[in-house]
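Enquirer:
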């Protein structure tokens, strides 16, 4: 994943890139295409949103929201201790995101 900037708007994004031959070797093509298909359907403030996709001869690219502070998993792996108020906030955000995914008929 790398940080990119859209030229016309100057907005910053994260760009996930996957090598096509590696995806084929790992038998992951179907999973990558399914991820792209699902992400294209979604737009929610508590989920990472997919904005652009493209490919070249070697790689596939997904341009998504940039999370400069890192995601929740990153902070948990870093051993960050959250106070009760922060935990309540995150639980509410996760519940809203899961509710949205359920309304969109996406199992998570």
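Residue numbers (UniProt numbering): 1 to 108. Just so it is clear, CB atoms sit at the ideal spot from N, CA and C, and this is done for glycine as well. Note that the structure is predicted; figures quoted are calculated from it, not measured.
According to the Cβ coordinates, are residue 63 and residue 1 closer than 8 Å?
Expert: no
Enquirer: Tell me, to the nearest whole angstrom, how far the beta carbon of residue 12 is from that of residue 66; I am working on the premise that it is less than 8 Å.
Expert: That pair is a contact at about 5 Å.
Enquirer: Could you give the DSSP three-state label for residue 10: helix, strand or coil?
Expert: Residue 10: coil per DSSP, three-state reduction.
Enquirer: Please state if the CB of residue 50 and the CB of residue 39 are separated by a distance shorter than 8 Å.
Expert: Yes, these two residues count as a Cβ contact at 8 Å.
Enquirer: Specify the secondary structure class of residue 108 as computed by DSSP and reduced to three states.
Expert: Since pLDDT at residue 108 reaches only 49, below the 50 mark, its modelled position is unreliable, and the value read off the structure follows with that caveat. Residue 108: coil per DSSP, three-state reduction.
Enquirer: Is any non-hydrogen atom of the ligand SAH found closer than 7 Å to the C-beta of residue 38, if you look at the structure I gave you?
Expert: No copy of the ligand SAH appears in this structure; indeed no ligand is present at all.
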